[in-house]
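I have placed the structure first, in the form of structure tokens, so that the comments after it can refer back to it.
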Ligand SMILES: Nc1ncnc2c1ncn2[C@@H]1O[C@H](COP(=O)(O)OP(=O)(O)O)[C@@H](O)[C@H]1O
Ligand SMILES: [Mg+2]
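Protein chains in written order, with my numbering: chain R, 220 to 459; chain E, 4 to 782.
As structure tokens, this is what we get:
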């Protein structure tokens with residue numbers, strides 16, 4: 220285990236029971252995500268990318284195997300405990316943004332701060348923190364708009380700003396650009412690179428070959444197994 | 004304001020129509036409950052005045068040659084708290100229209116208000132010579148103003164009196180209750196009018212009403228011992244005691260509780276829908292750190308806000324409605340409601356229930372929603388999007404556009420099982436409520452009509468202090484009289500409850516007895532009795548058994564049961580049933596040659612004009628014998644019954660209406676939600692060239708499906724419910740047996756169609772007008 224890793228997965232498998240059959244979705248996956256890296260996961264539709272990502276964020280549990288977050292194993296926590304943990308340590312970004320439709324861009328960020336109650340940001344600093352994040356993600360001008368009044372790219376920036384609200388070291392994004400045009404996708408990726416420079420780790424799933432190539436590390440899945448891994452992500456897998 | 008609270012508010016504002024429905028649902032529930040309770044409370048406090056037991060006499064003995072000495076010995080009897088002498092005289096009040104109202108004139112030896120049944124002069128002054136004070140509730144029978152002259156006729160002919168004032172008598176029931184008016188004159192005038200020379204009534208009040216029978220007997224003995232003659236008695240143990248109103252209020256409470264239950268069901272359905280709809284939002288909130296309590300708090304805040312608005316509106320509506328309804332009841336039975344005062348208990352109850360019930364109802368859906376795992380919530384995102392165009396709702400083989408949209412409508416009912424179940428439940432309850440109400444109305448009317456044919460008379464004549472046999476002969480000799488029969492009734496307390504005891508002629512033609520078993524009287528049998536089925540059911544007495552009852556003015560007597568009849572005339576509303584004896588059997592124990600006598604008369608020609616002529620003929624004949632009868636026609640009785648049942652029916656229909664309203668909101672909520680949830684489906688239909696009409700058909704089919712399904716179910720459960728409900732009315736209110744009419748299914752069908760139309764218009768219209776651009780923008 221590398222000391223600078225933020226995520227370390229060991230022999231992850233996931234199988235589900237469906238129609239009386241055990242179907243294997245993920246099969247013996249091991250890898251390491253180093254800190255402050257851009258880590259891409261690719262693969263065809265149905266290869267298990269979302270399932271793998273959900274296990275990294277604690278949304279789903281592996282059937283067997285272990286996941287370490289900053290050298291601590293994620294396991295056996297209750298849904299609420301996981302929610303609180305996630306609020307502090309992991310920012311989640313969805314393909315369909317999942318902003319609260321009735322709240323403005325800034326309020327969506329404030330909600331995350333309110334729910335996070337991390338203590339890292341006292342209540343009186345919330346508004347300023349939200350403004351900084353809006354500035355950082357380049358949507359300061361949209362802050363009072365509702366999601367429905369913004370473009371897809373702007374909505375995704377809002378979602379990223381919200382994911383960063385409680386200053387988590389890790390950002391996990393499932394096809395964050397899947398719903399955006401290439402121009403917007405490019406600018407979201409630029410934002411990721413900027414965040415990486417600030418020390419964040421970003422794990423993202425993408426179908427876009429070009430965007431995957433620009434990662435520091437890449438994992439390609441095929442039918443639930445690792446088909447290809449660029450160095451040094453492969454090291455963890457090679458050890459076995 | 005915290006962002007979570009802001010979201011709660013925004014959720015409300017975002018779905019304005021649905022929020023409005025929730026508010027209206029809560030409002031209707033709270034308003035219905037509050038209105039019913041306020042009506043109860045207002046009417047009760049008004050009744051407390053007019054049926055004040057503290058001031059009311061418990062019994063009146065009609066006497067001849069009673070004096071101060073008689074009164075003093077009565078006051079010595081154990082359990083007698085107070086006693087007083089009074090003059091009472093029955094006259095006929097002839098209205099300018101020609102109709103005649105029975106009027107009882109009361110006078111006391113002194114001009115001051117008496118100790119028992121004290122009256123309050125509400126306007127005008129105490130009557131001088133040839134003046135009279137009318138009880139204010141007399142206005143239900145005939146309005147008369149102060150200064151007006153009214154014509155009264157007694158045994159000594161007609162006299163004109165001038166109305167000097169109006170009174171409100173503590174302890175006296177409304178004139179509308181028994182159809183007879185009450186008035187006060189000076190003692191001198193009543194003696195002049197009647198020819199009486201001494202008081203003819205001793206009014207007594209008991210310390211303990213439980214010792215009623217024993218005390219009545221002791222008082223009777225003392226009065227007779229003092230040399231006076233008892234010609235009759237009445238026990239006016241509070242006229243409302245066994246009367247219809249307490250039962251009515253119980254009935255109203257049951258209806259309010261049903262309304263409340265339906266409202267809670269409605270709220271549960273609305274909140275589950277809201278949470279179902281926000282599944283993905285719950286997922287998103289959880290991924291940014293929200294825990295269960297955050298989410299529950301958020302939804303409870305949403306519901307709390309809606310509940311607050313609904314409750315405030317409901318309370319306002321309920322207070323206004325309750326007071327209006329109370330006022331409506333008082334126009335039927337004339338009660339002085341007194342100054343407008345909002346009773347706080349019903350308002351507080353309405354407020355607590357209006358706030359607590361929605362929160363409690365919302366808690367479980369909120370809990371389940373909040374307990375949903377992030378994975379379940381987030382995976383919803385994918386399935387929702389693919390679900391809209393997946394084969395399940397869009398089968399490849401298209402049978403034709405219209406029938407296809409219709410089949411989608413039917414499938415939609417089955418799709419969200421829980422919500423469909425709640426919707427159908429609320430519709431079924433609405434329809435079942437109407438079936439129960441309609442059955443009650445039909446049954447009550449049928450039972451009342453059965454009663455009219457059970458006692459097939461046109462007139463009832465009551466003559467105080469008369470020679471019964473002599474009066475009977477003169478009545479029988481009048482033209483147009485087919486049958487004149489003497490009868491007597493009494494209410495006796497037994498270990499099975501209050502029994503209505505009737506003395507009838509053994510050869511009666513007016514009472515159409517319906518023998519169930521045993522036999523009718525063979526002659527003027529003195530120790531045989533016939534009981535009603537209801538009494539038999541309560542007492543388990545069989546033919547050949549004996550029954551011992553104590554007559555209030557005589558000694559206990561024993562009868563042998565010889566037959567059982569079907570007679571529901573006194574089987575409900577506080578009575579345990581009927582016992583019939585021969586008139587001789589009852590008269591035997593009232594041993595005195597002169598007594599109050601009652602007669603039933605059946606005419607040959609039964610038109611209102613003929614009956615009215617007969618009424619005048621009876622008055623004239625008896626006046627020539629210096630007798631002043633009280634005469635009621637069956638028409639008057641029917642009118643009086645109708646007025647009382649009108650209240651009952653009004654309450655029943657209003658309650659059923661309130662329940663139906665919640666049914667409308669329940670269905671409207673479901674349809675609105677369906678429309679919202681199926682935006683994409685509508686979008687797909689639109690994109691494929693579906694017209695507004697196609698989309699309207701889709702939702703109309705769903706609406707019709709709900710209605711038809713609910714109608715079928717309501718038919719199955721409505722009928723047993725109606726039977727139980729009619730039984731409840733029988734137990735608490737008035738003797739009534741269940742009458743089935745297929746009409747109830749038509750009524751429930753019409754009600755459901757009406758609900759369907761009102762609930763459907765908005766959502767169906769909204770769906771058919773939804774534009775593709777708007778649908779796509781929603782994402
Ligand atoms: N809850 C589930 N039930 C059945 N199959 C599932 C479930 N979740 C995922 N799968 C299956 O597992 C495979 C991987 O799914 P997913 O991780 O969503 O793939 P990707 O994100 O790479 O498209 C797919 O074949 C999918 O159908
Ligand atoms: Mg995926």
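Ideal placement from N, C-alpha and C gives every residue a C-beta, glycine not left out.
Rounding to the nearest angstrom, what Cα-Cα distance links residue i and residue j in this structure?
| i | j | result |
| --- | --- | --- |
| residue 395 of chain E | residue 439 of chain R | Any reading at residue 395 of chain E must be qualified, since the residue scores a pLDDT of 34, below 50, and its modelled position is unreliable; no value is offered. |
| residue 745 of chain E | residue 148 of chain E | 49 angstroms |
| residue 291 of chain R | residue 224 of chain R | 11 angstroms |
| residue 442 of chain R | residue 426 of chain R | 15 angstroms |
| residue 477 of chain E | residue 258 of chain E | 52 angstroms |
| residue 561 of chain E | residue 549 of chain E | 7 angstroms |
| residue 313 of chain R | residue 392 of chain R | 6 angstroms |
Hey, would you say residue i sits closer than 7 angstroms to residue j, going by beta carbons?
| i | j | result |
| --- | --- | --- |
| residue 2 of chain E | residue 265 of chain E | Not covered by the structure: residue 2 of chain E. The range shown for chain E is 4 to 782. |
| residue 302 of chain E | residue 360 of chain E | no |
| residue 396 of chain R | residue 404 of chain R | yes |
| residue 521 of chain E | residue 447 of chain E | no |
| residue 136 of chain E | residue 90 of chain E | no |
| residue 442 of chain E | residue 747 of chain E | yes |
| residue 218 of chain E | residue 553 of chain E | no |
| residue 316 of chain R | residue 378 of chain R | yes |
| residue 424 of chain R | residue 244 of chain R | no |
| residue 233 of chain E | residue 77 of chain E | no |
| residue 423 of chain E | residue 720 of chain E | no |
| residue 11 of chain E | residue 334 of chain R | no |
What did DSSP end up calling residue i once you bin it into helix, strand or coil?
| i | result |
| --- | --- |
| residue 242 of chain R | strand |
| residue 483 of chain E | coil |
| residue 280 of chain R | coil |
| residue 132 of chain E | coil |
| residue 448 of chain R | strand |
| residue 528 of chain E | coil |
| residue 387 of chain R | coil |
| residue 360 of chain R | helix |
| residue 341 of chain R | coil |
| residue 654 of chain E | helix |
| residue 441 of chain R | strand |
| residue 709 of chain E | helix |
| residue 470 of chain E | coil |
| residue 10 of chain E | helix |
| residue 583 of chain E | strand |
| residue 228 of chain R | strand |
Let me see if you follow: with CB-CB separation under 7 angstroms, is residue i close to chain E or not?
| i | result |
| --- | --- |
| residue 279 of chain R | yes |
| residue 299 of chain R | yes |
| residue 397 of chain R | no |
| residue 302 of chain R | yes |
| residue 449 of chain R | no |
| residue 461 of chain R | Because chain R here runs from 220 to 459, residue 461 of chain R falls outside it and cannot be looked at. |
| residue 424 of chain R | no |
Closer than 7 angstroms, CB to CB, is residue i near chain R or not?
| i | result |
| --- | --- |
| residue 420 of chain E | no |
| residue 20 of chain E | no |
| residue 394 of chain E | Note that residue 394 of chain E scores 32 on pLDDT, short of 50, meaning its location in the model is unreliable; the coordinates nonetheless yield the value given after this. With 7 angstroms as the cut-off, residue 394 of chain E does not count as an interface residue toward chain R. |
| residue 355 of chain E | no |
| residue 450 of chain E | no |
| residue 307 of chain E | no |
Check whether the segment 753–773 of chain E and the segment 662–679 of chain E touch, using three or more Cβ-Cβ pairs below 8 angstroms as the test.
yes
Does the segment 271–281 of chain R come close enough to the segment 228–240 of chain R to have 3 or more Cβ pairs within less than 8 angstroms?
yes
Is the segment 103–115 of chain E close to the segment 182–199 of chain E, with three or more CB pairs under 8 angstroms?
yes
Inter-stretch contact at 8 angstroms, needing at least 3 Cβ pairs: the segment 450–469 of chain E / the segment 608–626 of chain E
yes
If you pair each beta-carbon of the segment 501–514 of chain E with each one of the segment 630–645 of chain E, do three or more pairs fall below 8 angstroms?
no
Quick check: the segment 342–354 of chain E against the segment 23–42 of chain E, are at least 3 beta-carbon pairs closer than 8 angstroms?
With contact defined as three or more Cβ pairs closer than 8 angstroms, the segment 23–42 of chain E and the segment 342–354 of chain E are in contact.
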